[in-house]
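Residue numbers (the numbering used here): 364 to 483.
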């Protein structure tokens, strides 16, 4: 079965369920700040898509959950306590819960943050 692009497509069968979500262009950056849209919230995992314009930034902050950060298109400078990471397509960055970080878009960028469940 071939999935055609759409905002969200869910396929259910006796063997399970798959959800296909479009990531790029879900929202527009606003006045120097990226926009964020939750694109998936299933099984304790939440995926948030961020749209940045060139020069947009997120000030230093931390997430209460571990996270995976991936750039879908574009490039950002990802500031961590030990330095700056050039994050571009083809790389994934794992953040532990509570790790402080900041993000500066070098060019128009779509990135995803996958918030993972806390381990007990």
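Just so it is clear, CB atoms sit at the ideal spot from N, CA and C, and this is done for glycine as well.
Let's see if you can read the secondary structure: which residues bound the beta strand (DSSP E) around residue i?
i: residue 390; result: Premise fails: residue 390 is in no beta strand (DSSP E) and is neither H nor E.
Rounded to whole angstroms, what is the Cα-Cα separation between residue i and residue j?
i: residue 471; j: residue 384; result: 20 Å
i: residue 403; j: residue 411; result: 7 Å
i: residue 426; j: residue 461; result: 5 Å
i: residue 434; j: residue 452; result: 5 Å
i: residue 439; j: residue 467; result: 5 Å
i: residue 469; j: residue 377; result: 45 Å
i: residue 473; j: residue 413; result: 6 Å
Are the CB atoms of residue i and residue j nearer to each other than 7 Å?
i: residue 429; j: residue 459; result: yes
Can you check which of these residues, the options, is closest to residue i by C-alpha distance?
i: residue 405; options: 386, 469 and 381; result: 381
i: residue 482; options: 444, 408, 418 and 441; result: 408
i: residue 394; options: 379, 419 and 388; result: 419
For this session: May I have a chain-ordered list of the beta strand (DSSP E) segments no shorter than 3 residues that lie completely inside the segment 403 to 477?
Result: You should have 408 to 415, 420 to 424, 430 to 436, 439 to 443, 446 to 450, 455 to 458 and 464 to 468.
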